[in-house]
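S.K.: Numbering (our numbering), first residue to last: 4 to 509. We put the beta carbon where it would ideally sit given N, CA and C, even for glycine. Note that the coordinates shown come from a computational prediction; the quantities given were computed from them, not determined experimentally. Would you mind keeping the following structure in view while I ask a few things?
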């Protein structure tokens, strides 16, 4: 597979509010010393989907006591453990499903009880009303009311004791049933010399997969407005996580995210944010690759019939839109400006007639390599190839567009394994070559070309049989070269291992 003005408009457009049926939680009299001022309970915005820790005013949180089905819910000091974190999913009309981030079991009232001070538990999700929660934002605090019992999540006796029970009781204006949700993010991965590191200073090694959609002939954005397709994407991420994946590379199709040269498609950017949330809930980082145009026929005429300079300006607008939506998001490992860009370096004065490279129409029918110029740039100037100079100018222009919005997220470009693409490493935060090697020796030679003072991540590799590379040779290549690079990203086409094992030879 191969200023600020714009961002301001986009941010205003992206902000939206959903309507819900209002419900009233009728307060009862609180115990002495537990009262909250009613002015502290001013309605605010609904909770957005995500992973949260729910803290009480005393600073402690509620957690599952163990990973078992039926484990009770209790209070504890927050340590960052995933068993203290909860995935919140809006179901409409103010109701939410709340599942434990580690166990994937639902926050549950045992046996549909409507009794006072019944201790809550985690249980297999069943979509019962005893697992549905109405979250009313009261400004700083949230009240969590069970749909079945009409009682709210309560810290027993408003105690500060560790492992105190979390129960359900009648709602009162009390700290005992006032909860502060704090969104949990993945630890931010940063760059230190030639390595990626986590906040503890431990080296992060990428072990990942490229993902374009649920099947080779269907791109991620094709039908993701359908709930079943978004559910399939979520299922794919869960499966990729089960394989040990810690990073997934996306390919954002340009035509799906821009409605005009300057106008983002807000609906699709919202869907992209859903995918980012799916990744986060699976503890998976994302390499967000932009400007994909796998199907030339899908590209709008105003994006195709342009000069090089006009197209670059549209691409900069794309990256301003994407970086605005994903600004400084720790789930986003990096921004990859484009998959396998090339410059027209031909010796003819005739411009190319299209942007897709004619040699990359692979079996899937998709075109993975794009020209960033149709005007030819043969020869050299002051010892540097003219096409190299154009590539560097293009990288610098798009990098400037991103950095006008986001000064944190690393930037890279996924290059073909063709020298001298390693020359562009100084313009990027790390190198991410695509290596489809013939054998271990050829792979080592390719890696050596990218040696620099920055991290190296093999962003694409795959055991192509027609190149004489089988899975065992690829395994040897990975193991023998693991000290010289920071990770590997292979391919996932929406099929499980068992699917391929069950295929019969034709």
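1) Quick one: what's got a C-beta closer than 6 angstroms to residue 39's C-beta in the same chain, skipping five residues either side?
2) So, for residue 217: in the same chain, excluding its five sequence neighbours on each side, which residues have a beta-carbon less than 8 angstroms away from its beta-carbon?
3) So is residue 449 buried or exposed if we call it buried at 16+ other beta carbons inside 10 Å?
4) Roughly how many angstroms separate the alpha carbons of residue 159 and residue 119, rounded to a whole number?
5) Determine the direct distance from the alpha carbon of residue 465 to that of residue 499, and round the result to whole angstroms.
6) Please tell me whether residue 319 and residue 404 are closer than 8 angstroms, where the distance is taken between their beta carbons.
7) List, from N- to C-terminal side, the beta strand (DSSP E) runs of 3 residues or more that fit wholly inside the segment 95-158.
8) Determine the contact status of residue 77 and residue 167, defining contact as a CB-CB distance below 8 angstroms.
9) What residues in its chain sit with their C-beta under 7 angstroms from that of residue 185, if we drop five residues either side in the sequence?
10) Specify, as a first and last residue, the run of the beta strand (DSSP E) that residue 341 falls within.
11) For the beta strand (DSSP E) containing residue 184, list its first residue and its last residue.
12) Count the other CB atoms within 10 Å of the CB of residue 376; is the residue buried (16 or more) or exposed (fewer)?
13) Taking its Cβ as the centre, do 16 or more other Cβ atoms sit within 10 Å of residue 305, making it buried, or is it exposed?
14) Would you give the residue range spanned by the beta strand (DSSP E) that residue 213 belongs to?
15) Can you tell me which of the three DSSP states residue 401 falls into?
16) With a threshold of 16 other CB atoms inside 10 Å of the CB of residue 115, please say whether the residue is buried or exposed.
17) May I ask you to verify whether the segment 293-300 touches the segment 320-332, counting CB pairs closer than 8 angstroms and requiring at least 3?
18) Any idea if residue 150 is buried or exposed, counting beta-carbon neighbours within 10 angstroms, 16 or more meaning buried?
19) Would you mind working out which of 135, 66, 88 sits nearest residue 94, comparing C-alpha positions?
20) Could you spell out where the alpha helix (DSSP H) holding residue 281 opens and where it closes?
21) Relative to the C-alpha of residue 165, which candidate in 210, 251, 126, 64 has its C-alpha closest?
22) Starting from residue 251 and walking both ways along the beta strand (DSSP E), at which residues does that stretch end?
23) In the DSSP assignment, find the unbroken beta strand (DSSP E) run with residue 530 in it and report its ends.
24) Where does the unbroken alpha helix (DSSP H) through residue 493 begin, and where does it stop?
M.R.: Short version:
1) Low per-residue confidence applies at residue 39: pLDDT is 49, beneath 50, and the placement is therefore not dependable, though the value from the model is reported in the following sentence. Around residue 39: 176.
2) 223, 232, 235, 236, 239, 497
3) buried
4) 11 angstroms
5) 16 angstroms
6) yes
7) 98-103, 109-111, 124-126, 135-141, 144-149, 155-158
8) yes
9) 55, 56, 58
10) 335-342
11) 183-186
12) buried
13) exposed
14) 209-214
15) helix
16) exposed
17) yes
18) buried
19) 135
20) 269-284
21) 64
22) 250-256
23) This structure cannot settle anything about residue 530, because the visible part of the chain is limited to 4 through 509.
24) Not the alpha helix (DSSP H): residue 493 falls in the beta strand (DSSP E), residues 490-495.
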